[in-house]
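Asks: Take a look at this one; I'll ask things after.
Number of protein chains: 2
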Amino acid sequence: MSVIYDRVALIGLGLIAGSMALAIREGGLAREVTGFARSQATRDVACEIDLCTVCDTAAEAVAGADLVVLAVPVGAMGDVMAEIAPHLAPGATVTDVGSVKQSVIDAVAPHLPAGVHFVPGHPLAGTEHSGPRAGFASLFRNRWWLLTPLPDSDADAIARLDRLITALGAKTDRMEAPHHDLVLAVTSHAPHLIAYTMVGVADHLRRVSGEEVIQYSAAGFRDFTRIAASDPTMWRDVFLHNKEATLDILGRFTEELFVLQRAIRMGDGQQLHDYFTRTRAIRRGIIEAGQDTEAPDFGRPGARAT
Amino acid sequence: MSVIYDRVALIGLGLIAGSMALAIREGGLAREVTGFARSQATRDVACEIDLCTVCDTAAEAVAGADLVVLAVPVGAMGDVMAEIAPHLAPGATVTDVGSVKQSVIDAVAPHLPAGVHFVPGHPLAGTEHSGPRAGFASLFRNRWWLLTPLPDSDADAIARLDRLITALGAKTDRMEAPHHDLVLAVTSHAPHLIAYTMVGVADHLRRVSGEEVIQYSAAGFRDFTRIAASDPTMWRDVFLHNKEATLDILGRFTEELFVLQRAIRMGDGQQLHDYFTRTRAIRRGIIEAGQDTEAPDFGRPGARAT
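Here the protein sequences line up with chains A and B, keeping their order. Using the UniProt record's numbering, read the first sequence as starting at 1 and increasing by one per residue. Using the UniProt record's numbering, read the second sequence as starting at 1 and increasing by one per residue.
This is the structure in structure tokens:
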């Protein structure tokens with residue numbers, strides 16, 4: 001691997017930035033990686049595990065960096081950008097890893113100094129764990145990393161960032177920000193809200209039926225609790241900043257759920273069977289697209305991994 | 001391991017029965033395992049992979065068996081029981097592996113000959129795959145296998161079945177059928193319907209937005225598609241036969257979803273954050289209960305397993 005950036009600054013030191021730091025080091029993709037997190041506790045952990053050069057201020061972290069990665073919750077992007085803007089090196093590229101793109105563009109772009117390039121991005125990678133200790137170098141391997149450049153984004157800046165992302169093991173693609181936000185509302189944001197909701201329902205029932213809801217959690221629910229264990233701040237911001245698309249998809253979801261509920265109530269087995277046969281086919285498409293494997297999941301990844 | 005039954009008959013040769021056949025053979029838990037499936041194709045596969053002694057009729061399979069396992073979709077249990085009843089050996093135990101218990105009891109019990117014991121059961125184990133080829137001997141290891149005996153179920157018959165299940169690697173517990181059906185509606189049936197619904201919504205949108213919904217399926221949705229790839233006939237029957245509890249839980253789910261939708265619409269970040277923090281705690285409970293591990297899931301079980 002060859003060095004792609006001289007100095008990469010990571011603002012925010014959670015799962016994504018932590019994994020980037022490890023993968024950049026492993027690949028020798030930058031001469032130096034600096035980092036800053038608002039919380040002293042997070043900075044301490046990052047120091048302790050030697051994640052990168054941990055700085056005391058965001059200004060210090062971005063000084064002289066030719067790539068700055070905003071890896072904070074979507075709702076914090078604007079403030080962070082305002083804070084670092086005066087300290088950015090001329091010609092630097094700023095990217096972000098937020099799960100929502102249009103609202104990040106709206107928040108970040110106004111603070112962009114002349115001569116600094118902004119290339120918004122979103123790695124479709126993560127686990128239900130968060131914080132700097134949750135990072136690992138192979139997180140991005142074979143995952144998509146979507147870029148939503150602006151019409152006036154610098155072509156060279158995009159190409160260079162693309163090279164870094166590819167070197168991290170990810171596949172890149174480009175789309176327009178509003179389209180990104182709709183696609184992700186379907187494939188990620190609405191499913192997360194639904195999982196949070198179902199786990200909340202179970203939590204109410206747990207108080208009625210004792211611990212059995214937890215004890216006998218079967219496949220299905222177990223997957224939901226995994227999703228619903230994701231970082232609360234990150235997800236609060238996702239929903240508030242992709243409000244329109246998420247509410248649109250949730251509205252469609254509720255309609256559809258009512259149709260199936262009605263089929264259950266009326267005893268319409270044929271309708272249910274037809275529906276479940278259709279959904280089985282979409283799973284096949286995902287396996288063929290390489291986004292998952294056919295390995296059976298019986299809810300015990302630890303057992304499989306050993 | 002020691003022989004617990006002389007002859008075990010498996011009626012239905014899908015994932016569960018197939019796994020039982022393999023685990024019983026591996027553990028030397030029965031002198032013979034016979035099997036029958038309604039479909040000739042399934043019987044042929046079972047023969048080909050040498051799953052058990054495959055019989056041409058259910059009557060032949062159960063003749064002389066001291067344990068008969070009904071492993072067909074919940075809606076087929078009554079008919080199967082009516083068919084085999086005249087051929088059951090005196091003193092034999094009949095159990096089932098249906099995901100719903102009260103309706104199976106209602107369908108099976110009336111056909112029970114005098115001197116034959118019925119001990120309804122439900123292994124909380126499975127994958128999204130189905131059919132005899134999907135079975136594997138370790139499927140039940142460390143999983144719960146719930147028994148819902150009737151007030152007049154024979155204590156010795158229960159104890160002997162319990163020994164078999166334990167020898168298959170599972171943990172057993174007993175509860176009343178209606179309570180089982182409520183707990184499973186929360187932890188399994190409602191989540192499955194919700195996953196089917198969300199994947200159905202995505203399927204509609206796929207036709208609008210092209211293949212991007214599949215291509216960029218992120219964590220969350222990918223888990224949903226896995227759940228929604230489960231056997232359509234089995235799940236149709238589950239919903240039709242656990243109608244009341246499933247509709248009750250779906251009603252609560254919809255209420256709760258509307259509350260969160262409203263919080264998104266009103267921009268109430270605090271409410272969302274509080275909710276997501278609560279659901280994170282229930283995940284911790286599941287890990288502590290040993291129903292899942294802390295291993296991060298980044299949606300690539302195949303990658304983890306290698």
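All C-beta atoms in this analysis are idealised placements derived from N, C-alpha and C, irrespective of residue type, glycine included. Bear in mind the structure is a predicted one, so any value in this text is a computation, not a measurement.
Can you find at least 3 beta carbon pairs, one from the segment 212-231 of chain B and one from the segment 245-262 of chain B, that sit closer than 8 Å?
Replies: Look at the beta carbons and you see the segment 212-231 of chain B not touching the segment 245-262 of chain B: under three pairs across the two are nearer than 8 Å.
Asks: In or out: N242 of chain B buried (at least 16 other Cβ within 10 Å) or exposed?
Replies: The residue in question, N242 of chain B, is buried, as its Cβ has 16 or more Cβ neighbours within 10 Å.
Asks: Residues in its own chain within less than 6 Å of A137 of chain A by CB, not counting five upstream and five downstream?
Replies: Setting aside the 5 residues that flank it on each side, A137 of chain A is surrounded in the same chain by L22, A23 and E26, each with a C-beta closer than 6 Å to its C-beta; the list follows chain order.
Asks: If you measure from the beta carbon of I49 of chain A to each beta carbon in chain B, is any gap under 8 Å?
Replies: Answer no: the Cβ-Cβ gap between I49 of chain A and chain B never drops below 8 Å.
Asks: Would you be able to state if there are at least three C-beta pairs under 8 Å between the segment 176-194 of chain B and the segment 98-107 of chain B?
Replies: yes
Asks: Bridge partners of R7 of chain A, per DSSP?
Replies: Its beta-bridge partners are A:E32.
Asks: How is the alpha helix (DSSP H) around F258 of chain B delimited, first residue to last?
Replies: Counted as a single uninterrupted DSSP element, the alpha helix (DSSP H) harbouring F258 of chain B occupies residues K243 to M266.
Asks: Who are the Cβ neighbours of P73 of chain B in its own chain at under 7 Å, not counting the five residues just before and after it?
Replies: Hits under 7 Å: T233, M234 and D237.
Asks: Give a yes or no on whether 8 Å exceeds the smallest Cβ distance from K243 of chain B to chain C.
Replies: No chain C appears in this structure, whose protein chains are A and B.
Asks: Would a C-beta distance cut-off of 8 Å place A9 of chain B and V62 of chain B closer than the cut-off?
Replies: yes
Asks: To test your reading of the DSSP string, which unbroken beta strand (DSSP E) runs of 3 or more residues are found completely within the segment 168-203 of chain B?
Replies: 171-174
Asks: Run down chain A in chain order and give the residues with a C-beta less than 9 Å from the C-beta of W235 of chain B.
Replies: Within 9 Å Cβ-Cβ: L272, H273 and F276.
Asks: Candidates B:M81, B:R280 and B:L150: which alpha carbon is nearest P120 of chain B's?
Replies: B:L150
Asks: As a quick exercise: from A:T148, A:A157, A:W144 and A:V186, pick the residue whose alpha carbon is nearest that of G169 of chain A.
Replies: A:W144
Asks: Along the alpha helix (DSSP H) that carries H117 of chain B, what are the first and last residues, could you check?
Replies: Segment H117 to P123 is the beta strand (DSSP E) holding H117 of chain B; no alpha helix (DSSP H) there.
Asks: Report the residues of the segment 175-188 of chain B with a CB closer than 8 Å to any CB of chain A, ordered along the chain.
Replies: M175, H179, L182, V183, L184, V186, T187 and S188
Asks: When burial is assigned at 16 or more other CB atoms within 10 Å of the CB, is E288 of chain B buried or exposed?
Replies: exposed
Asks: Indicate whether at least one CB of chain A lies closer than 8 Å to the CB of T246 of chain B.
Replies: yes
Asks: In or out: R31 of chain B buried (at least 16 other Cβ within 10 Å) or exposed?
Replies: So R31 of chain B ends up on the exposed side.
Asks: For G299 of chain A, would you say it is in contact with chain B, using Cβ-to-Cβ distances shorter than 8 Å as the test?
Replies: At G299 of chain A, the pLDDT of 39 sits below 50, so the modelled position is not reliable; the number obtained from the coordinates is stated separately. Yes, because at least one Cβ of chain B sits closer than 8 Å to the Cβ of G299 of chain A.
Asks: Could you work out which residues of chain A lie near Q40 of chain B, taking near to mean beta carbons separated by less than 9 Å?
Replies: Here the premise fails: no neighbours, minimum Cβ distance about 21 Å.
Asks: How many whole angstroms separate the CB atoms of D154 of chain A and H117 of chain A, which I take to be in contact at a CB cut-off of 8 Å?
Replies: 5 Å
Asks: Check whether the segment 192-211 of chain A touches the segment 185-202 of chain B, taking contact to mean three or more Cβ pairs, one atom from each stretch, closer than 8 Å.
Replies: yes
Asks: Inspect the beta-carbon positions of T279 of chain A and Y196 of chain B and report whether they are closer than 8 Å.
Replies: yes
Asks: Within a Cβ cutoff of 6 Å, which residues of the same chain sit near D6 of chain A, ignoring the five residues on either side of it in sequence?
Replies: Here D6 of chain A has R31 and D66 as same chain residues with Cβ atoms under 6 Å from its own Cβ, once five neighbours each way along the sequence are excluded.
Asks: Give the list of continuous beta strand (DSSP E) stretches no shorter than 3 residues that lie fully inside the segment 71-110 of chain B.
Replies: Runs found: 93-96.
Asks: Using only alpha-carbon positions, find the residue among A:A58, A:R206 and A:L70 that is nearest to V183 of chain B.
Replies: A:R206
Asks: Residues in the same chain with beta-carbon distance under 7 Å from D173 of chain B, minus the five sequence neighbours each way, listed in chain order, please.
Replies: W144 and L146
Asks: Beta-carbon within less than 7 Å of R300 of chain B's beta-carbon, same chain only, minus the 5 sequence neighbours each way: which residues are those?
Replies: Bear in mind that a pLDDT of 36 at R300 of chain B, under 50, signals an unreliable position, so the number given afterwards is only what the model happens to contain. Within the same chain, R300 of chain B has no close Cβ partners at all.
Asks: To which residues of the same chain is F36 of chain B closer than 6 Å at the C-beta, ignoring the five residues directly before and after it?
Replies: I11, C55, A58 and A61
Asks: Determine whether the beta carbon atoms of H129 of chain B and L15 of chain B lie at a separation below 8 Å.
Replies: yes
Asks: Determine, using beta carbons only, whether T254 of chain B comes closer than 8 Å to chain A.
Replies: yes
Asks: Give me the subset of the segment 213-228 of chain B whose CB atoms are less than 7 Å from a CB atom of chain A, sorted by chain position.
Replies: V213, I214, Q215, Y216, S217, A218, A219, G220, F221, R222, D223, F224, T225, R226, I227 and A228
Asks: What whole-angstrom Cβ distance do P90 of chain A and G115 of chain A have, given they're in contact under 8 Å?
Replies: 5 Å
Asks: Name the chain B residues whose beta carbon is nearer than 8 Å to that of R283 of chain A?
Replies: E128, V199, T225, R226, A228 and A229
Asks: Is W144 of chain A close to chain B? Criterion is C-beta to C-beta, closer than 8 Å.
Replies: yes
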